[in-house]
Every structure is written in C-alpha cells, then in structure tokens.
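Take a look at the structure set out below.
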Amino acid sequence: MIAYKQLQHSWNPLPPQLTDEGARWALIMDSWEGTKYVPGACVKGSGVDCGRWVISCACELRGRSMPALPEIPHDAAFHSPEVAHEARRTILKLMQPVVEIFHDLLQPADIIVVGPQGGGPGHTYYVGPQRHQLWHASPPRVDVTGWAIPAEYTLLHIYRLGELTW
C-alpha cells in the first residue's frame, strides 16, 4: 500500500478574468481522464505517459501543436538524476512561457514536479479545476487524485503557465 503526504499548499480558483481558461481547463482534464498510461505515447483516449501528457494539456489549452519530445528513460529519476533534470529543462523550454512559483497558493493548471528522495524529477501533477484535486498520468491511466503526493517523493518544483500568472 502506498503512503501519502498532504500538500501544505492552499488551492485558489482562477481569478474572474481567467474564467474562460478555467472552463477550458476543466474540459481538457475531463477529456483525458481514463486514457491508459503507455510509455512513449501521446494519444488522447488511447495512451500517454506523464511528460507527454503534461505538455499536451498545456498545448491544448494554448491551441498549439504538440512538439516532438526526446525519449526519457522511465527510471531516470532514480538511476540518472542528471538525465531527469535535463529532461525537465527540455520540457520547460518546449512549454514556454512558464514561471516557477515559490509561494503556497496554487491554482488550476499549476504543475507540480516531484521526485524520489535524493533523485531527480520523476513525476508531474496538474492542479485540477476543482478544490484540492491533482491530476496525473501514471499506471494504469490518467486520473484525478486528492491533495497529496506519495510519501517517498519530494516536491521539487511548482510551475505556472505564463498566461495564467496574475
């Protein structure tokens, strides 16, 4: 059984000027729900992995095409932290504009990056459109979960899509 630890962050709705983006975000999350976890894939309703899902959702919100991604070893966070950090930097470049945030107020579409103790970034979550929801792509599927991360993981970074910064 997996042990979890609660996030110590507050959830805030998007401000009124971003109501349209918030509604689109909810539709995007719902449209991916149940898609099988398939390493190296990115087809809504068929299969996707964590990194490709995060980029695909941001591209969908922005009306952009999905860029090509390098192959990333599935266990890089554990065995090659430097490879995992380089992959995170590459993904961030493809997702620009993004802003790293350092406060405790999270909002829908914020990206939470976690990794094993002493390792590199290994998993991502999106803050969901509803209070205290996190969405992620991990075996067996894209799913919504509560306001917690696995206890063996450390919260490494939180990013916000630049157009949702207020």
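Just so we're aligned, residue 51 is where the sequence shown starts under the working numbering, counting upward by one. No residue lacks a Cβ here, since even glycine has one placed at the ideal position from N, Cα and C.
Backbone CA spacing between proline 89 and arginine 102 [nearest angstrom]: 9 angstroms
Contact under 7 angstroms by Cβ, aspartate 160 with isoleucine 208: yes
Isoleucine 52 lies in the beta strand (DSSP E); which residues open and close that run? Segment: none, isoleucine 52 is in no beta strand (DSSP E) and carries neither H nor E.
Check whether the Cβ atoms of cysteine 92 and threonine 174 sit closer than 7 angstroms, and answer yes or no. no
Nearest residue (CA-CA) to leucine 23, options Lys86, Ala76 and Asp70: A question about residue 23 goes unanswered here, because the residues of the chain that appear run from 51 up to 216.
Endpoints, beta strand (DSSP E) assigned at valine 133: Looking at the DSSP string, valine 133 is not in any beta strand (DSSP E); the run it does join, the alpha helix (DSSP H), is 131-144.
Provide the residue span of the alpha helix (DSSP H) that contains isoleucine 78, from first to last. 69-82
By a C-beta neighbour count over all protein chains shown, 10 Å radius and 16 as the cutoff for buried, is alanine 134 buried or exposed? buried
What are the residues that DSSP puts in a beta bridge with leucine 184? Val177 and Thr195
Going along the chain, which residues of its own chain have a beta-carbon closer than 8 angstroms to the beta-carbon of proline 171, five neighbours each way excluded? Ala127, Ala134, His135, Ala137, Arg138, Val163, Val164, Gly165, Leu206 and His207
Given a threshold of 16 other Cβ atoms within 10 Å of its Cβ, counted over all protein chains shown, does glutamine 180 qualify as buried or as exposed? exposed
For leucine 119, the first and last residue of its enclosing alpha helix (DSSP H): Counting along the chain, leucine 119 falls outside any alpha helix (DSSP H), and DSSP gives it neither H nor E.
Comparing C-alpha positions only, which one of Leu156, Ser130 and Ile199 sits nearest to glycine 168? Ser130
Can you find at least 3 beta carbon pairs, one from the segment 190-199 and one from the segment 55-66, that sit closer than 8 angstroms? yes
Serine 115 classed as buried or exposed, judged by whether at least 16 other C-beta atoms fall within 10 angstroms: exposed
Across which residues does DSSP place threonine 204 in a beta bridge pair? Gly165
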